[in-house]
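**Student:** Residue numbers (this note's numbering): 161 to 584.
1. Note down, in chain order, each residue of its chain lying with its Cβ closer than 7 Å to the Cβ of residue 197, except the 5 sequence neighbours on either side.
2. Excluding the five sequence neighbours on either side, which residues of its own chain have a C-beta within less than 7 Å of the C-beta of residue 412, listed in chain order?
3. Specify, as a first and last residue, the run of the beta strand (DSSP E) that residue 585 falls within.
4. Are the beta-carbon atoms belonging to residue 176 and residue 205 less than 9 Å from one another?
5. Expressed to the nearest angstrom, what Euclidean distance is found between the alpha-carbon atoms of residue 497 and residue 559?
6. Would you mind stating whether residue 237 and residue 273 have Cβ atoms separated by less than 9 Å?
7. Using DSSP with H/G/I as helix, E/B as strand and the rest coil, what is residue 323?
8. Can you check whether the CB of residue 202 is closer than 9 Å to the CB of residue 386?
9. Do residue 191 and residue 308 come within 9 Å of each other at the CB atom, strictly closer than that value?
10. Taking 6 Å as the limit between beta carbons, can you name the residues of its chain near residue 408, skipping five residues before and five after?
11. Let me know the alpha helix (DSSP H) ranges lying completely inside the segment 231-311, each 4 residues or longer, listed in chain order.
12. Tell me where the beta strand (DSSP E) around residue 163 begins and ends.
13. Looking at the secondary structure, which residues open and close the beta strand (DSSP E) in which residue 187 lies?
14. May I have the straight-line CA-CA distance separating residue 243 from residue 163, to the nearest angstrom?
15. Counting only the same chain and skipping the five closest in sequence on each side, list residues whose C-beta sits under 8 Å from that of residue 343.
16. For residue 229, which three-state DSSP category applies?
17. So which of 345, 330 and 465 has the shortest CA-CA distance to residue 375?
18. Based on the DSSP secondary-structure assignment, which residues constitute the bridge partners of residue 172?
19. Assign residue 557 to one of two classes, buried (16 or more other C-beta atoms within 10 Å of its C-beta) or exposed (fewer than that).
20. Alpha carbons only, please: which of 526, 351 and 306 is nearest the one belonging to residue 324?
21. Helix, strand or coil: which one does DSSP assign to residue 551?
22. Alpha carbon to alpha carbon, how far is residue 328 from residue 240? Give it in angstroms, no decimals.
23. Does residue 356 pass the burial test, meaning 16 or more other C-beta atoms within 10 Å, or should it be called exposed?
24. Roughly how many angstroms lie between the CA atoms of residue 455 and residue 565, to the nearest whole one?
25. If you check the beta carbons only, do residue 394 and residue 562 fall under 9 Å apart?
26. Leaving out the 5 sequence neighbours to the left and right, which residues in its chain are closer than 8 Å to residue 337 when beta-carbon positions are compared?
27. For residue 506, count neighbouring Cβ atoms within 10 angstroms of its own Cβ and tell me buried if that reaches 16, exposed if not.
28. Residue 216 and residue 168 - do their beta-carbons sit closer together than 9 Å?
29. Using a Cβ-Cβ cut-off of 7 Å (strictly less than) and excluding sequence neighbours within five positions of residue 256, which residues of its own chain qualify?
30. So what's residue 348 in DSSP terms, helix, strand or just coil?
31. Considering residue 566, what are the terminal residues of the alpha helix (DSSP H) in which it resides?
32. Just to confirm before moving on: does the CB-CB distance between residue 478 and residue 495 stay below 9 Å?
33. Taking the beta carbon of residue 377 as the centre, do at least 16 other beta carbons fall within 10 Å, making it buried, or is it exposed?
34. Which residue from 360, 189, 392 and 310 puts its Cα closest to that of residue 288?
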């Protein structure tokens with residue numbers, strides 16, 4: 161849906177509102193990269209993919225860019241922030257105030273700066289964003305002397321010519337971005353490619369280290385800065401949807417830990433002083449519990465459960481570690497299918513997932529990249545109940561592979577192990 165609304169200086173800004181079928185689970189705002197537009201690969205593909213998860217997305221062109229009115233040379237980072245705020249106010253007045261702010265590259269810096277002016281903000285997502293908006297001066301460093309001495313210069317950016325004025329440099333230099341990050345007061349998801357050649361990965365580290373919890377990081381492994389590969393954009397959208405559901409869909413309240421067969425309910429921090437749980441429950445803590453030799457207590461998202469090895473190794477007081485892996489995949493699969501079916505108004509009464517695991521010869525695996533040794537093979541059988549057409553059943557099988565846990569297991573996983581000193 162094409163719309164227009166007045167921007168920071170009164171110019172009409174061109175925008176597009178992508179709406180899901182039925183009532184949106186949340187509204188999001190997407191801010192594009194420097195000198196890009198609302199129709200860039202990242203903006204259009206991620207927005208359209210988020211619609212499949214029930215999220216409505218407004219993407220707009222900053223003043224003087226794309227289809228928006230105004231003179232780009234008269235804009236600066238402060239006016240970009242004002243444009244973001246104007247877009248959120250339009251949503252709040254005409255639809256529903258956005259709870260998710262998403263920004264790509266400099267657009268990420270803009271939404272970080274604007275978040276404190278948007279009371280409805282619960283979650284902020286940055287994609288390949290600089291930690292300091294002054295980073296964009298690297299794009300026209302060759303003309304910086306002329307800009308300072310002459311007051312302006314014409315520069316080539318992305319194959320197009322733009323007039324850059326000294327007031328843009330002065331405005332960027334005065335931005336208190338670190339303070340804004342520390343006082344964000346919203347959940348933060350930092351997404352960045354380790355091979356980003358435009359905005360280096362160190363920017364993601366600086367953003368993440370400066371911001372307070374709750375915060376998360378997802379590596380867009382192999383992606384370029386513009387997320388020009390469709391699969392990279394789809395992966396980013398699936399991660400944003402899964403992560404933001406905790407904060408932007410009114411699911412932020414975590415229940416109290418439930419008592420387990422291991423004994424009275426106690427605080428995981430007391431049981432294991434060397435571990436820590438962030439306020440949002442984003443950490444998972446596993447600690448030996450006994451009396452069985454290999455019995456473990458698991459604390460996750462405010463819940464407590466037991467994991468153990470089967471007899472004769474131990475007492476079989478809970479699922480084995482690989483059972484929990486399969487349970488995570490099965491749960492994610494079922495939830496993803498249910499969300500999709502509800503969005504598409506399919507007559508799906510129930511879904512069940514049966515999973516099993518075995519080690520097979522890599523040479524016998526049709527879809528494995530390894531050709532030698534043994535590989536883990538998971539079997540996933542889905543059962544659908546409801547008056548579904550053959551086409552609907554086929555689409556549910558396809559969407560099962562898009563569950564975030566499935567993508568994680570199929571992709572490259574990085575694990576860092578450190579040692580902490582127990583508190584006294």
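By construction, the Cβ of each residue, glycine as well, lies at the ideal position given by its N, Cα and C atoms.
**Tutor:** Quick answer:
1. Stepping through the chain shown from its first residue, residue 197 is reached at position 37. The residues are 221, 225 and 226.
2. In the chain shown, counting from the first residue as 1, residue 412 sits at position 252. With a pLDDT of 34 at residue 412, under the threshold of 50, the modelled position of this residue cannot be trusted; read the value that follows with caution. Setting aside the 5 residues that flank it on each side, residue 412 is surrounded in the same chain by 406, each with a C-beta closer than 7 Å to its C-beta; the list follows chain order.
3. Not covered by the structure: residue 585. The range shown for the chain is 161 to 584.
4. Stepping through the chain shown from its first residue, residue 176 is reached at position 16. Stepping through the chain shown from its first residue, residue 205 is reached at position 45. Result no, Cβ atoms of residue 176 and residue 205 do not sit closer than 9 Å.
5. For the purposes of this step, residue 497 is identified with residue 337 of the chain shown, where counting begins at 1. For the purposes of this step, residue 559 is identified with residue 399 of the chain shown, where counting begins at 1. Going by the C-alpha atoms only, they are around 6 Å apart.
6. Here residue 237 refers to the residue found at position 77 when the chain shown is read from its first residue. Here residue 273 refers to the residue found at position 113 when the chain shown is read from its first residue. Their beta carbons are under 9 Å apart, which means residue 237 touches residue 273 by this criterion.
7. Taking the chain shown and counting its residues from 1, the one referred to as residue 323 is at position 163. In the structure shown, residue 323 sits in a strand (DSSP, three-state: E or B).
8. Locating residue 386 in the chain shown gives position 226, where the first residue counts as 1. Locating residue 202 in the chain shown gives position 42, where the first residue counts as 1. Contact flag set, yes.
9. Translated into the one-based positions of the chain shown, residue 308 becomes position 148. Translated into the one-based positions of the chain shown, residue 191 becomes position 31. Going by C-beta atoms, residue 308 is not nearer than 9 Å to residue 191.
10. Numbered from 1 along the chain shown, position 248 holds the residue referred to as residue 408. Once the five neighbours on either side are set aside, the close Cβ partners of residue 408 are 186, 259, 260, 282 and 283.
11. 237-254, 266-274 and 304-310
12. Stepping through the chain shown from its first residue, residue 163 is reached at position 3. First-last of the beta strand (DSSP E) with residue 163: 162-166.
13. Mapped onto the chain shown, residue 187 falls at position 27. For residue 187, the enclosing beta strand (DSSP E) has its first and last residue at 186-191.
14. To locate residue 243, count along the chain shown from 1; it is residue 83. To locate residue 163, count along the chain shown from 1; it is residue 3. Rounded to whole angstroms, the gap between the alpha carbons of residue 243 and residue 163 is 15 Å.
15. Counting from one through the chain shown, the residue named residue 343 turns up at place 183. Taking residue 343 as the centre and dropping the five residues before and after it, the same chain places the C-beta of 276 closer than 8 Å to its C-beta, in chain order.
16. For this step, residue 229 is matched to residue 69 along the chain shown. In this structure, residue 229 counts as coil in the three-state DSSP scheme.
17. As a first step, residue 375 is located in the chain shown; it is residue number 215 there, counting from the start. Measuring from the Cα of residue 375, the nearest candidate turns out to be 345.
18. Here residue 172 refers to the residue found at position 12 of the chain shown. Partner(s): 166.
19. In the chain shown, counting from the first residue as 1, residue 557 sits at position 397. Residue 557 is exposed by the Cβ-count criterion.
20. On the chain shown, position 164 is the one that residue 324 refers to. The shortest Cα separation from residue 324 among 526, 351 and 306 belongs to 306.
21. For this step, residue 551 is matched to residue 391 along the chain shown. DSSP places residue 551 in helix when its eight states are reduced to three.
22. Taking the first residue of the chain shown as 1, we reach residue 240 at position 80. Taking the first residue of the chain shown as 1, we reach residue 328 at position 168. Taking the straight line from one Cα to the other gives about 11 Å.
23. Taking the first residue of the chain shown as 1, we reach residue 356 at position 196. Classification for residue 356: buried.
24. Counting from 1 along the chain shown, the entry for residue 455 is found at position 295. Counting from 1 along the chain shown, the entry for residue 565 is found at position 405. C-alpha separation (whole angstroms): 25 Å.
25. Counting from 1 along the chain shown, the entry for residue 394 is found at position 234. Counting from 1 along the chain shown, the entry for residue 562 is found at position 402. Their beta carbons are under 9 Å apart, which means residue 394 touches residue 562 by this criterion.
26. If you number the chain shown from 1, residue 337 lands on position 177. The residues are 269, 272, 273, 291, 292 and 293.
27. Taking the chain shown and counting its residues from 1, one reaches residue 506 at position 346. Its Cβ being crowded by 16 or more others within 10 Å, residue 506 is buried.
28. In the chain shown, the residue the question calls residue 168 occupies position 8. In the chain shown, the residue the question calls residue 216 occupies position 56. Cβ distance not < 9 Å, so residue 168 and residue 216 don't count as in contact.
29. For the purposes of this step, residue 256 is taken as residue 96 along the chain shown, with counting starting at 1. Within the same chain, residue 256 has close Cβ partners 187.
30. By one-based count along the chain shown, residue 348 stands at place 188. DSSP places residue 348 in strand when its eight states are reduced to three.
31. Within the chain shown, numbered from 1, the residue matching residue 566 stands at position 406. For residue 566, the enclosing alpha helix (DSSP H) begins and ends at 564-570.
32. As a first step, residue 478 is located in the chain shown; it is residue number 318 there, counting from the start. As a first step, residue 495 is located in the chain shown; it is residue number 335 there, counting from the start. No.
33. Position 217 of the chain shown, counted from the first residue, corresponds to residue 377. Residue 377 is exposed by the Cβ-count criterion.
34. The residue you call residue 288 lines up with position 128 of the chain shown. Selected option, being the one with the closest Cα: 360.
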